[in-house]
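**Student:** The structure's right below; bear with me while I get my questions together.
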Amino acid sequence: MSLVEKRSVTIRGHRTSYSLEKPFYDDLVAISAARNIPLAALVAEVDAQRPREANLSSALRLFVLEQAKRGASASPL
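Residues are numbered in my numbering as their position in the sequence shown, beginning at 1, plus a constant of 1226.
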C-alpha cells in the first residue's frame, strides 16, 4: 500500500496543498507531461472544475481515475 504524501502548489496566487498516494501523483505527472502543461496548471484546471463541496485531493484522484478509464476504454482487449 502506498503512503499518502502532502504536496503544495500555488493556484491563482494562493498557496494550497493536496495529499495523494504515489501512484495517483505519478499518473497526474504523466498526464501533465502528455498534455505538455506544467503540473501546477493541471492541478489548477482540476481545481477550477471541481464542485466547491469536494476537496482538491479527492477531485485530483477522481480526475486521474477518469483519465485512466478513458485510456482503458480506448484500448482493445
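The beta-carbon is built from N, C-alpha and C at its ideal position, and this holds for glycine as well.
(1) Run the CB neighbour count on D1253, radius 10 Å, all protein chains shown included, and call it buried at 16 or more, exposed below.
(2) Please classify V1255: is it buried, with 16 or more other beta-carbons within 10 angstroms of its beta-carbon, or exposed?
(3) Going by the CB atoms, is the gap between A1285 and R1276 shorter than 7 Å?
(4) Report the rounded CA-to-CA distance for I1237 versus K1295, giving the unit in angstroms.
(5) Are V1272 and V1235 close, meaning C-beta to C-beta below 7 Å?
**Tutor:** The structure says:
(1) Residue 1253 sits at position 27 when you count from the first residue of the sequence shown. Buried is the call here.
(2) Counting from one through the sequence shown, the residue named residue 1255 turns up at place 29. With fewer than 16 other Cβ atoms within 10 Å, it is exposed.
(3) As a first step, residue 1276 must be located in the sequence shown, where it is residue number 50. As a first step, residue 1285 must be located in the sequence shown, where it is residue number 59. Contact flag set, yes.
(4) The count along the sequence shown starts at 1 and reaches residue 1237 at position 11. The count along the sequence shown starts at 1 and reaches residue 1295 at position 69. If you take the alpha carbons of I1237 and K1295, they lie about 27 Å apart.
(5) Stepping through the sequence shown from its first residue, residue 1272 is reached at position 46. Stepping through the sequence shown from its first residue, residue 1235 is reached at position 9. No. Outside cutoff.
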